[in-house]
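Undergrad: Could you have a look at this structure, given as structure tokens, before my questions?
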Amino acid sequence: MARVFELVELCSELRADAASERGAVLALKDQLAETRRENTALHQRAILAESQSCFLSPVPAANDAAPAAFLPAQPDRPAALLPTSGPALPGQPAPRTYAAALTSGLEPPGPSSRTLADGTSAPALPPGLHEHVAFVTPLAPSTTPARDTLRLIKANIDPVEKDIRDSCSATPGFWRQSRRSARRLVARLVERNPQLRLDPSTCKVKTVRERSGTQAMIVEVDPQAFVRILQQTQLSVGWTSIRAVEDLHVPTCKFCAQYGHGRSSCPVRHDATRAVCTRCGTEGHLGTDCAVRMGDPAVTCVECRRAGLEASGHPTGHPQCPLLVDRVSRLRARTNNGGT
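This is the structure:
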């Protein structure tokens with residue numbers, strides 16, 4: 480008896496640890512979302528600052544005698560409108576004022592050739608191209624600066640301590656781990672329940688589902704083992720026990736409220752006007768958005784209404800729906816379950 484209380488206390492501690500870990504994961508998700516928002520705001524401010532730095536300098540006042548002109552760009556600086564005073568140098572084009580540049584809307588004509596940093600001559604760049612390009616990102620130049628910044632932030636977080644992994648790379652590992660745990664559970668069932676006389680070669684794990692820290696599996700066995708399993712109220716898997724039930728699943732579409740297919744394969748799932756509520760049977764909205772609750776007089780089964788049966792009192796997909804019970808019976812009749 481003391482051992483039982485010790486196990487109960489251990490289970491309570493494990494549940495508390497799992498709850499704290501889930502809270503830590505949610506907190507990390509919030510921190511990552513906040514970091515993304517800050518990164519987006521920082522990126523927008525950088526773009527705004529870059530656009531403001533590209534504006535033309537203000538036009539000189541009327542009492543300023545120095546005209547504004549285009550000067551040749553230095554090797555390490557882009558071409559810009561700069562104020563100058565005095566005549567143009569010999570061999571260079573005459574200065575061009577701001578007014579003339581704004582009127583034409585084009586860059587001022589330059590020389591037919593340009594001199595590179597090493598002193599060699601090269602053809603001039605065509606109009607509209609610039610020798611200087613600024614990338615608004617703290618990383619190396621890239622076509623996706625915001626995404627690069629996010630990668631840098633994620634790389635700076637310790638992946639071992641925070642246990643943050645990319646969801647795309649974590650999903651296959653999760654399923655592999657679930658499959659391995661399911662196979663271990665089947666091996667433990669065979670070991671701990673010799674009265675079932677299970678053959679590991681005929682036990683196949685078909686589906687693994689996890690929700691709120693619990694795990695449910697659909698296992699396919701031979702008909703004789705199926706009969707023996709259903710005769711047991713509890714199955715031992717070590718320090719705990721589980722129950723097994725017959726799995727006869729009839730899919731119910733949550734979009735059009737019909738039996739026989741799911742929402743992902745519904746032929747009208749892309750037409751929002753064809754949506755039918757599984758609670759009140761009204762077209763135009765889904766059951767998740769319905770204000771009707773179980774027990775209300777407005778609860779209606781759409782499939783029973785289509786078949787001309789009594790539709791009030793239960794929603795579509797209820798285990799006691801007569802049409803659903805009939806489908807389950809037909810599915811059981813087609814299943815080789817050892818004659819039960």
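Start counting the sequence shown at 480; every next residue gets the next number (the working numbering). Backbone N, C-alpha and C define an ideal beta-carbon position, used for all residues, glycine too. Values in this document were obtained by computation on a predicted structure and should not be read as measured data.
Check whether the region 741-749 and the region 726-733 are in contact - that is, three or more C-beta pairs closer than 8 Å.
TA: Flag = yes, the region 741-749 and the region 726-733 touch.
Undergrad: Consult DSSP for H611 and reduce its assignment to one of helix, strand or coil.
TA: For the purposes of this step, residue 611 is taken as residue 132 along the sequence shown, with counting starting at 1. Note on H611: pLDDT 41, under 50, position unreliable in the model; the coordinate value appears next. DSSP places H611 in coil when its eight states are reduced to three.
Undergrad: Please list, in chain order, all residues of the same chain as V716 whose beta carbon is under 8 Å from its beta carbon, the five residues on each side excluded.
TA: As a working note, residue 716 is residue 237 in the sequence shown. If we look at V716 and ignore the five residues flanking it on each side, its Cβ neighbours are L664, R667, L668, R671.
Undergrad: So for L525, helix, strand or coil by DSSP?
TA: Counted from its first residue, the sequence shown places residue 525 at position 46. With the sequence shown as reference, residue 525 is identified as Ala, and Leu is not the correct amino acid for it. Here A525 sits in helix by DSSP.
Undergrad: Suppose you measure from the CA of C756 to the CA of D726; what does that come to, to the nearest Å?
TA: As a position in the sequence shown, residue 756 is number 277, starting the count at 1. As a position in the sequence shown, residue 726 is number 247, starting the count at 1. Distance between the alpha carbons of C756 and D726: 26 Å.
Undergrad: Quick one: residues in its chain with C-beta nearer than 7 Å to the C-beta of A777, no 5 flanking neighbours on either side, listed in chain order?
TA: Position 298 of the sequence shown, counted from the first residue, corresponds to residue 777. The residues are C759, V771.
Undergrad: V687 by DSSP, collapsed to three states: which one?
TA: The sequence position of residue 687 within the sequence shown is 208, counting from 1. Of the three classes helix, strand and coil, the one that applies to V687 here is strand, per DSSP.
Undergrad: Taking 8 Å as the threshold (C-beta atoms), are A497 and G692 in contact?
TA: Along the sequence shown, one-based indexing puts residue 692 at 213. Along the sequence shown, one-based indexing puts residue 497 at 18. Yes, the pair counts as a contact, with Cβ atoms nearer than the cut-off.
Undergrad: Would R676 and R707 qualify as a contact pair, given that the criterion is a beta-carbon distance under 8 Å?
TA: Here residue 676 refers to the residue found at position 197 when the sequence shown is read from its first residue. Here residue 707 refers to the residue found at position 228 when the sequence shown is read from its first residue. Yes, these two residues count as a Cβ contact at 8 Å.
Undergrad: Nearest CA to the CA of Q674: which residue from R690, S660, Q710?
TA: Counting from 1 along the sequence shown, the entry for residue 674 is found at position 195. Considering only alpha carbons, the answer is Q710.
Undergrad: Pull up the distance between the alpha-carbon of G796 and that of C783, whole angstroms please.
TA: The residue you call residue 796 lines up with position 317 of the sequence shown. The residue you call residue 783 lines up with position 304 of the sequence shown. G796 and C783: Cα-Cα distance of roughly 10 Å.
Undergrad: Could you give the DSSP three-state label for E762: helix, strand or coil?
TA: Your numbering for residue 762 matches position 283 in the sequence shown. In this structure, E762 counts as strand in the three-state DSSP scheme.
Undergrad: From this set, L714, A525, T761, which residue's C-alpha is nearest C735's C-alpha?
TA: To locate residue 735, count along the sequence shown from 1; it is residue 256. Of the candidates L714, A525, T761, the one whose C-alpha sits nearest the C-alpha of C735 is T761.
Undergrad: Could you pull the start and end residues of the alpha helix (DSSP H) that A812 belongs to?
TA: Numbered from its first residue, the sequence shown carries residue 812 at position 333. From DSSP, the alpha helix (DSSP H) with A812 extends over 801-813.
Undergrad: According to DSSP, is T594 helix, strand or coil?
TA: As a position in the sequence shown, residue 594 is number 115, starting the count at 1. Looking at T594 - three-state DSSP - the assignment turns out to be strand.
Undergrad: Do T681 and V700 have their CB atoms nearer than 8 Å?
TA: Position 202 of the sequence shown, counting from 1, holds the residue named residue 681. Position 221 of the sequence shown, counting from 1, holds the residue named residue 700. Yes; because the gap between Cβ atoms is below 8 Å, this pair is in contact.
Undergrad: At the level of alpha carbons, what is the spacing between I526 and A520?
TA: As a position in the sequence shown, residue 526 is number 47, starting the count at 1. As a position in the sequence shown, residue 520 is number 41, starting the count at 1. Approximately 10 Å between the Cα atoms of the pair.
Undergrad: Quick check: what's the CA-CA separation for V786 versus V724?
TA: Working through the sequence shown from its first residue, we reach residue 786 at position 307. Working through the sequence shown from its first residue, we reach residue 724 at position 245. Correcting the residue type first, residue 786 is Ala in the shown sequence and not Val. For A786 and V724, the distance between alpha carbons rounds to 30 Å.
Undergrad: Alpha carbon to alpha carbon, what distance is there between V781 and P679?
TA: Your numbering for residue 679 matches position 200 in the sequence shown. Your numbering for residue 781 matches position 302 in the sequence shown. Looking at the two C-alpha atoms, the distance is approximately 43 Å.
Undergrad: What does DSSP give as the partner residues of E725 in its beta bridges?
TA: On the sequence shown, residue 725 is found 246 positions in, with the first residue counted as 1. Looking at the DSSP assignment, E725 forms no beta bridge with any residue, so it has no partner.
Undergrad: For the alpha helix (DSSP H) that E782 lies in, which residues bound it at each end?
TA: For the purposes of this step, residue 782 is identified with residue 303 of the sequence shown, where counting begins at 1. Note, E782: alpha helix (DSSP H), 781-785.
Undergrad: According to DSSP, is S791 part of a helix, a strand, or is it coil?
TA: Here residue 791 corresponds to residue number 312 of the sequence shown, with the count starting at 1. Strand, per DSSP.
Undergrad: Return the first residue and the last residue of the alpha helix (DSSP H) that Q703 is part of.
TA: For this step, residue 703 is matched to residue 224 along the sequence shown. Counting along the chain, the alpha helix (DSSP H) containing Q703 begins and ends at 702-709.
Undergrad: Roughly how many whole angstroms lie between the Cα atoms of S791 and V807?
TA: As a first step, residue 791 is located in the sequence shown; it is residue number 312 there, counting from the start. As a first step, residue 807 is located in the sequence shown; it is residue number 328 there, counting from the start. Rounded to whole angstroms, S791 to V807 spans 21 Å at the Cα level.
Undergrad: Can you tell me whether S646 is buried or exposed? The criterion is at least 16 other CB atoms within 10 Å of its CB, across all chains shown.
TA: What you label residue 646 is simply residue 167 of the sequence shown in a count that begins at 1. Confidence is the limiting factor: at S646 the pLDDT is only 46, short of 50, which leaves the residue's position unreliable and the question unanswerable from this model.
Undergrad: Using three-state DSSP, classify S463 as helix, strand or coil.
TA: The structure shown does not extend to residue 463, since the chain is modelled only from 480 to 819, so the question has no answer here.
Undergrad: On a CA-only basis, which of Q694, T712, A751 is nearest G763? Give me that one, please.
TA: Counted from its first residue, the sequence shown places residue 763 at position 284. Ranking the options by Cα distance to G763, first place goes to A751.
Undergrad: Looking at P801 and L810, is the spacing between their C-beta atoms short of 8 Å?
TA: Counting from 1 along the sequence shown, the entry for residue 810 is found at position 331. Counting from 1 along the sequence shown, the entry for residue 801 is found at position 322. No, they are not a contact pair.
Undergrad: Alpha carbon to alpha carbon, what distance is there between L714 and R662?
TA: By one-based count along the sequence shown, residue 662 stands at place 183. By one-based count along the sequence shown, residue 714 stands at place 235. Cα-Cα distance, rounded: 16 Å.
Undergrad: What number of angstroms, rounded off, separates the C-alpha of L511 from the C-alpha of A503?
TA: Residue numbering aside, residue 511 sits at position 32 when the sequence shown is read from its first letter. Residue numbering aside, residue 503 sits at position 24 when the sequence shown is read from its first letter. Straight-line Cα distance between these residues: approximately 12 Å.
Undergrad: If contacts are defined as beta-carbon pairs under 8 Å, then N815 and P746 qualify, I think. What distance do you get, rounded to the angstrom?
TA: Within the sequence shown, numbered from 1, the residue matching residue 815 stands at position 336. Within the sequence shown, numbered from 1, the residue matching residue 746 stands at position 267. Rounded, the Cβ-Cβ distance is 31 Å, inconsistent with contact.
Undergrad: Taking the alpha carbon of P794 as the reference point, which residue from L505, Q737, R501 has its own alpha carbon closest?
TA: Position 315 of the sequence shown holds residue 794. Checking every option, the nearest Cα to that of P794 belongs to Q737.
Undergrad: When the Cα of C490 is compared with those of W718, M773, G774, which residue comes out closest?
TA: Sequence index remark: in the sequence shown, residue 490 carries index 11 (1-based). If we check each option's Cα against that of C490, W718 comes out closest.
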